[in-house]
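So the sequences go chain by chain: U and E. Taking my numbering, the leading residue of the first sequence gets 1, the next gets one more, and so forth. Taking my numbering, the leading residue of the second sequence gets 301, the next gets one more, and so forth. A virtual CB, placed ideally from N, CA and C, is assigned to each residue, including glycine. Presented below is the structure to which this report refers.
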Amino acid sequence: MMREESTRSKTVLDPEFLRKLERLALAAKRVQLGVAKGERRSKRKGISVEFADYRDYVQGDDTRFVDWNIYGRLDSLFLKLFQEQEDLTVHLLIDASDSMAFGTPPKLEFACKLAAAIGYVALVGYDRVSVEAFSNARRQRMLPCRGRASAGKLFNFIGSIEPGGETNLERSCRSYVIRNRAKGVAVIMSDFFDPQGFEGCIRGLTQSRSDVYAIHILAPEEIEPELTGDLKLLDCETNAYVEISVSRALMRRYKENRDGFCEAVRRYCRARGIGHFVVPSDADIERLTLEVLRRGGMLR
Amino acid sequence: MNALLSALESAVSSAFIAPFFFAFLGLIPVVILLYLLKLRRTEMVISSTALWRKSLQDLTANAPFQKLRKNLLLLLQILALLLLVFALARPFLRTTGASGHSICLLIDRSASMQTREGDSARLDAAKREALAIVNDLRGGDKIMVVTFAENSNVLCELTDDRFRLRQAINSIEASDTRTKIRDALLVAHSLKLTVPDLRLIIMSDGRISDDEELGARAFDLSFVQVGESRDNAGIVSFSTRKPAGGEGECQSFILVHNESSEPLDATLTLYFDDAALAVEEVAAAPGGDHEVVFAHPDLGSGVLRAELDHDDHLAADNRAWLTLRPTAMIKTLLVSKSGSTGEYWLKRVMLLDPRVELSAIEPSDYGVTDEYDLTIFDGFAPEELPPGSVLFINSVPPAMGVEVVGTVENPPVLAKDGEHPAMRFLNPQNVGIRKAMRLALPEGSRELISSTEGALIADVSRGDRQILVVAFGIEDSDWPLKLSFPLFIQNLLAWVPRSAMAAETFIKTGRPMTIMPLPDIEAATVTSPDGARQAVQLDPMRPVFFGATERAGIYTVERGGEVEQLAVNLLDMNESSIGPADRLSVGRGEVAAERGRVRQNKELWRWLVIAGICALTVEWWVYSRRAWI
Chain U
1 MMREESTRSK TVLDPEFLRK LERLALAAKR VQLGVAKGER RSKRKGISVE FADYRDYVQG
61 DDTRFVDWNI YGRLDSLFLK LFQEQEDLTV HLLIDASDSM AFGTPPKLEF ACKLAAAIGY
121 VALVGYDRVS VEAFSNARRQ RMLPCRGRAS AGKLFNFIGS IEPGGETNLE RSCRSYVIRN
181 RAKGVAVIMS DFFDPQGFEG CIRGLTQSRS DVYAIHILAP EEIEPELTGD LKLLDCETNA
241 YVEISVSRAL MRRYKENRDG FCEAVRRYCR ARGIGHFVVP SDADIERLTL EVLRRGGMLR
Chain E
301 MNALLSALES AVSSAFIAPF FFAFLGLIPV VILLYLLKLR RTEMVISSTA LWRKSLQDLT
361 ANAPFQKLRK NLLLLLQILA LLLLVFALAR PFLRTTGASG HSICLLIDRS ASMQTREGDS
421 ARLDAAKREA LAIVNDLRGG DKIMVVTFAE NSNVLCELTD DRFRLRQAIN SIEASDTRTK
481 IRDALLVAHS LKLTVPDLRL IIMSDGRISD DEELGARAFD LSFVQVGESR DNAGIVSFST
541 RKPAGGEGEC QSFILVHNES SEPLDATLTL YFDDAALAVE EVAAAPGGDH EVVFAHPDLG
601 SGVLRAELDH DDHLAADNRA WLTLRPTAMI KTLLVSKSGS TGEYWLKRVM LLDPRVELSA
661 IEPSDYGVTD EYDLTIFDGF APEELPPGSV LFINSVPPAM GVEVVGTVEN PPVLAKDGEH
721 PAMRFLNPQN VGIRKAMRLA LPEGSRELIS STEGALIADV SRGDRQILVV AFGIEDSDWP
781 LKLSFPLFIQ NLLAWVPRSA MAAETFIKTG RPMTIMPLPD IEAATVTSPD GARQAVQLDP
841 MRPVFFGATE RAGIYTVERG GEVEQLAVNL LDMNESSIGP ADRLSVGRGE VAAERGRVRQ
901 NKELWRWLVI AGICALTVEW WVYSRRAWI
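In structure tokens form, the structure reads like this:
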């Protein structure tokens, strides 16, 4: 019962919101090779209405693309080349480690909603959407799909994502990149709390030569902890603990460290041309997608 | 090592009143344990501890005295415990003054306190010191004033009324008596039951004659030594002796003690009723004695006075008196068979005593007469009991209810009634008796020496007539060969009422004077050496005691028309040795003398408790800030 409710709450997006999402499209900074015909300009020359170039006719070429007007004037055969329009692969990577289950609302739930929204935008734009939720314990993946008709499949998959295990972001990302060679747009949604550091994960994603966006999700409790007294804080992933006695000085230190951590991720991303968004898990997803991500150049 | 330990022990015991409370230091490990167990932190699961750990590291790395602060709570708790344990051990400082107590001032007013010290007497110095303590009295302090000499007096019970205290102290006058502190200590002991923090301050020159009797050291006790002078010579012994048998010259013996550091060179004069009898030069080395024996004829009745002509710091011991009375002879009649063993031994023993005027007659010649104080019947019982005291040996008094119910062979001596005057100082256990009468005694009799078969010696006195019965013949025992026989006869002679009059030639100051009753005289008047007259109510049945004998000299007792003089003397070596003692033995311990202002143990436990509470408050404050692990 709880599971069903949780699934529904992760995936159900307001129809009104979905309609608004339909007006959006993912912005690819670079022109990439697609996998199938689509609506995005490809590096590949192919069949479309948009003229791209001429080249000499060689035996075997389809005579339908010979520019007969040029032949009439210059008495030599030239072939007209057209811009190919292909699809864009959108990789949605969701950190499903135990730490993502933390927060009110849980960070994973927020990540799933955001992934559903971005995925829906991509599906509506005839792009291929591939989703993978990873943790050390298990890998949950949805094979690439396209078209508005696949929205249901997308939502169902996202709704079935369960948290569990520790995080090893770098290993998970490298593994994904090796398995999915299609370049496109990669969006990673994580809290980047990785004992091995967040840098490896982002470096791994940039090697795919996709446009990478990092959505850095923090729970409200992490942003503004409401702790008092003598506490023994247990790490939900590693079970490591730290004993604190909450004091004003300690809280000040924590906030400084929290801001420092976010700033470190942002700086690392910016140095590699990666879009970075710090988002609290209780943020309004509609405002986030319609305003923040658009302003950040991820959606248009 | 042992020396170090004992030095440490003495240092601790001289700085703390209750060092045994240091046992509570054993609580420190408990505090540490409690500290380790105390912090029960609430467990809380969070997404990642990385930020917290880093924050904590930053904080602890930046905090000054980081290691100290980590354990500050523990240190504060141990500090608080240490302070409280030290407070329990009651440390003290020696300071001047005597406040913060209930104080019992014991002021010596014995003869040696009359010693001149400069312009004033030694007692005045003690009074000044006592008044200084009263002036230092702080709110809540109370003082009690007790004087001691031969007798102790409570002049003022525990009070904070300075006026009454000053009045009591100013009213103290020195006596001519010796120093006994035991009664005063008993008063303090009984007061200590209700006032546990009672402090005792003894103001004395330390010349205390009964100090071996003092109680255990249960007090916070100070001994304030007053006086410095040692310059004194005095008469410490004075007696006169008549020659045995009444022939020859009398001898008066006088012992002079020189306490001063200079050799004594003085004259000693013997007066009889204010007429000089003899003069003798007295020379004694510092600390030495000089014996003087004056030979003079029997002077009859009067007052013999010895006077030492020496200007020293204590005048009270320069004169001594003796009252000479015509010896009251004890007229004794021995009724015994001439030539018998009993007669032989009884005569031999009785004649040793110069007071005895002995007559002996055969039983067949005996007729009742009232001229004898003591009649001894040896193996013979008269038909009628004579007046006066009677001793029956191997016979029983007539018409007294004493009956002979048989004989006992070899009766063992089992028990004696040691409280009876006739039985004092004697041990009859080794007396062998061949044959004794078995006596049936009337009611009210006392068995003085018992055997398995009844009394061997019994007291069957009636009213004021003293009657003793010896149940065996002297010839049937080896009693005359034992020490107990002459002692028994001596006791018997002392027990005869007339002899009480004859004995005393002087009494010691402070001791009660015995005034015998006279027929039809109800009151007597006693005149002290200083001229004060005091009426004494007499009891026709028994002697009365007159206690106001603190002045040395001649007391005159007037009973009707009869005037009797009695000498009262100090005659105490301890009082004449006026040099102040440096230490006062109290029980097993000794108290060192303090000079000048009284020093007191100022207790510090209140400050330690306050410091301990402060430490606990700081600990709580630090704990509530929670700025560390």
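For residue 800 of chain E, which residues of its own chain have a beta-carbon under 6 Å away from its beta-carbon, when the five flanking residues on both sides are left out?
As a first step, residue 800 of chain E must be located in the second sequence, where it is residue number 500. Here residue 800 of chain E scores only 45 on pLDDT, less than 50, and its place in the model is too uncertain to base an answer on.
Is the CB of residue 917 of chain E under 7 Å away from at least one CB in chain U?
As a first step, residue 917 of chain E is located in the second sequence; it is residue number 617 there, counting from the start. It does not; no Cβ of chain U falls within 7 Å.
Tell me the DSSP secondary structure of residue 818 of chain E in three-state form.
Translated into the one-based positions of the second sequence, residue 818 of chain E becomes position 518. Of the three classes helix, strand and coil, the one that applies to residue 818 of chain E here is coil, per DSSP.
Within the same chain, show all residues whose beta-carbon is closer than 7 Å to that of residue 814 of chain E, passing over the 5 residues directly before and after it, in chain order.
As a working mapping, residue 814 of chain E is identified with position 514 in the second sequence. Around residue 814 of chain E: 843 and 845.
Can you give me, in chain order, the residues of the region 158-179 of chain U that have a beta carbon less than 7 Å from any beta carbon in chain E?
So nothing in the stretch comes that close.
Let me know if residue 803 of chain E comes out buried or exposed under the rule of 16 or more other beta-carbons within 10 Å of its beta-carbon.
Residue numbering aside, residue 803 of chain E sits at position 503 when the second sequence is read from its first letter. Note that residue 803 of chain E scores a pLDDT of 48, beneath 50, so its modelled location is shaky and nothing firm can be said.
Please go through the same chain and pick out, in chain order, the residues whose beta-carbon is closer than 8 Å to the beta-carbon of residue 434 of chain E, but skip the five residues on each side of it.
Along the second sequence, read from residue 1 onward, the residue named residue 434 of chain E stands at position 134. Cβ within range, chain order: 443, 462, 465, 466 and 469.
List the residues of chain U that residue 355 of chain E touches, going by C-beta distances under 7 Å, in chain order.
Counting from 1 along the second sequence, the entry for residue 355 of chain E is found at position 55. Correct list: 250, 253, 254 and 257.
Which residue wins for smallest C-alpha separation from residue 855 of chain E, given the options E/837, E/808, E/389 and E/871?
Along the second sequence, read from residue 1 onward, the residue named residue 855 of chain E stands at position 555. Comparing Cα positions, the closest option is E/808.
Count the other C-beta atoms from every protein chain shown that fall within 10 angstroms of the C-beta of residue 649 of chain E, then say buried if there are 16 or more, exposed otherwise.
For the purposes of this step, residue 649 of chain E is taken as the residue at position 349 of the second sequence. Buried, because 16 or more other Cβ atoms sit within 10 Å of the Cβ of residue 649 of chain E.
Let's test the definition: count the other Cβ atoms within 10 Å of the Cβ of residue 912 of chain E and tell me whether it reaches 16, buried, or not, exposed.
Stepping through the second sequence from its first residue, residue 912 of chain E is reached at position 612. Counting Cβ neighbours within 10 Å, residue 912 of chain E comes out buried, since at least 16 surround it.
Does the beta carbon of residue 341 of chain E sit closer than 7 Å to a beta carbon anywhere in chain U?
In the second sequence, the residue the question calls residue 341 of chain E occupies position 41. For residue 341 of chain E, the answer is yes, since a Cβ of chain U falls inside 7 Å of its Cβ.
Would you call the region 99-113 of chain U in contact with the region 219-237 of chain U, where contact means no fewer than 3 C-beta pairs closer than 8 Å?
The region 99-113 of chain U, when compared against the region 219-237 of chain U, does touch it at the 8 Å Cβ threshold.
Residue 108 of chain U CB to nearest chain E CB: under 7 Å?
Mapped onto the first sequence, residue 108 of chain U falls at position 108. Chain E contact via Cβ: absent.
Taking the alpha carbon of residue 584 of chain E as the point to measure from, which residue in E/561, E/406, E/657 and E/509 has its own alpha carbon closest?
Taking the second sequence and counting its residues from 1, one reaches residue 584 of chain E at position 284. Selected option, being the one with the closest Cα: E/561.
Return the bridge partner residues of residue 68 of chain U from the DSSP annotation.
Start at 1 with the first residue of the first sequence, and residue 68 of chain U comes out as number 68. Its beta-bridge partners do not exist; DSSP assigns none.
Per DSSP, what kind of secondary structure is residue 156 of chain U in: helix, strand or coil?
Stepping through the first sequence from its first residue, residue 156 of chain U is reached at position 156. Of the three classes helix, strand and coil, the one that applies to residue 156 of chain U here is helix, per DSSP.
Enumerate, from N- to C-terminal direction, the unbroken beta strand (DSSP E) stretches of 3 or more residues contained entirely within the region 615-668 of chain E.
Taking only runs of at least 3 residues, the beta strand (DSSP E) segments lying wholly in the region 615-668 of chain E are 619-624, 630-635 and 656-661.
For residue 777 of chain E, which residues of its own chain have a beta-carbon under 7 Å away from its beta-carbon, when the five flanking residues on both sides are left out?
Walking along the second sequence from the start, residue 777 of chain E turns up at place 477. Here the set comprises 731, 732, 733 and 734.
Return no unless some Cβ of chain E is closer than 7 Å to the Cβ of residue 243 of chain U.
Reading the first sequence from its first residue, position 243 is the one you call residue 243 of chain U. With 7 Å as the cut-off, residue 243 of chain U counts as an interface residue toward chain E.
Note down, in chain order, all residues in the region 214-228 of chain U with a beta-carbon under 7 Å from any beta-carbon belonging to chain E.
Residues passing the 7 Å Cβ filter: 219 and 222.
For residue 787 of chain E, which option in E/795, E/726, E/781 and E/774 has the closest C-alpha, if you only look at C-alpha atoms?
Counting from one through the second sequence, the residue named residue 787 of chain E turns up at place 487. Nearest C-alpha to residue 787 of chain E: E/726.
When the cut-off is 7 Å and only beta carbons count, does residue 313 of chain U lie next to chain E?
As shown, chain U starts at 1 and ends at 300. That puts residue 313 of chain U outside it, with no answer to give.
What's the C-alpha gap between residue 144 of chain U and residue 128 of chain U?
Taking the first residue of the first sequence as 1, we reach residue 144 of chain U at position 144. Taking the first residue of the first sequence as 1, we reach residue 128 of chain U at position 128. Each residue's Cα considered, the two are about 6 Å apart.
Pick from E/847, E/752 and E/581: whose alpha carbon is nearest that of residue 564 of chain E?
Counting from 1 along the second sequence, the entry for residue 564 of chain E is found at position 264. Out of E/847, E/752 and E/581, E/581 has the C-alpha closest to the C-alpha of residue 564 of chain E.
With a threshold of 7 Å between beta-carbons, can residue 192 of chain U be considered close to chain E, or not?
Here residue 192 of chain U refers to the residue found at position 192 when the first sequence is read from its first residue. It does not: the Cβ of residue 192 of chain U has no partner Cβ on chain E nearer than 7 Å.
Verify the CB distance criterion: does residue 360 of chain E have a CB-CB separation below 7 Å to chain U?
The residue you call residue 360 of chain E lines up with position 60 of the second sequence. No, residue 360 of chain E lies away from the interface with chain U (no Cβ there is under 7 Å from its Cβ).
Let me check understanding here. Comparing Cα to Cα, which of E/686, E/316 and E/422 lies closest to residue 386 of chain E?
If you number the second sequence from 1, residue 386 of chain E lands on position 86. For residue 386 of chain E, the nearest C-alpha among the options comes from E/316.
Does any C-beta atom of chain U lie closer than 7 Å to the C-beta of residue 352 of chain E?
In the second sequence, the residue the question calls residue 352 of chain E occupies position 52. Cβ-Cβ to chain U under 7 Å: yes for residue 352 of chain E.
Is the beta carbon of residue 828 of chain E closer than 7 Å to that of residue 851 of chain E?
Counted from its first residue, the second sequence places residue 851 of chain E at position 551. Counted from its first residue, the second sequence places residue 828 of chain E at position 528. Contact flag set, yes.
So what's residue 495 of chain E in DSSP terms, helix, strand or just coil?
Counting from 1 along the second sequence, the entry for residue 495 of chain E is found at position 195. Coil.
Per DSSP, residue 593 of chain E forms a beta bridge with which residues?
Your numbering for residue 593 of chain E matches position 293 in the second sequence. Answer is E/553, bridged to residue 593 of chain E.
Classify residue 51 of chain U as buried or exposed, calling it buried when 16 or more other Cβ atoms lie within 10 Å of its own Cβ.
Counting from 1 along the first sequence, the entry for residue 51 of chain U is found at position 51. Exposed: under 16 other Cβ atoms inside 10 Å.
For chain E, is any of its Cβ atoms less than 7 Å away from the one on residue 198 of chain U?
In the first sequence, residue 198 of chain U corresponds to position 198, counting from 1. Answer no: the Cβ-Cβ gap between residue 198 of chain U and chain E never drops below 7 Å.
CB residue 739 of chain E to CB residue 754 of chain E, shorter than 7 Å?
Looking up residue 739 of chain E in the second sequence gives position 439. Looking up residue 754 of chain E in the second sequence gives position 454. Yes, they are a contact pair.
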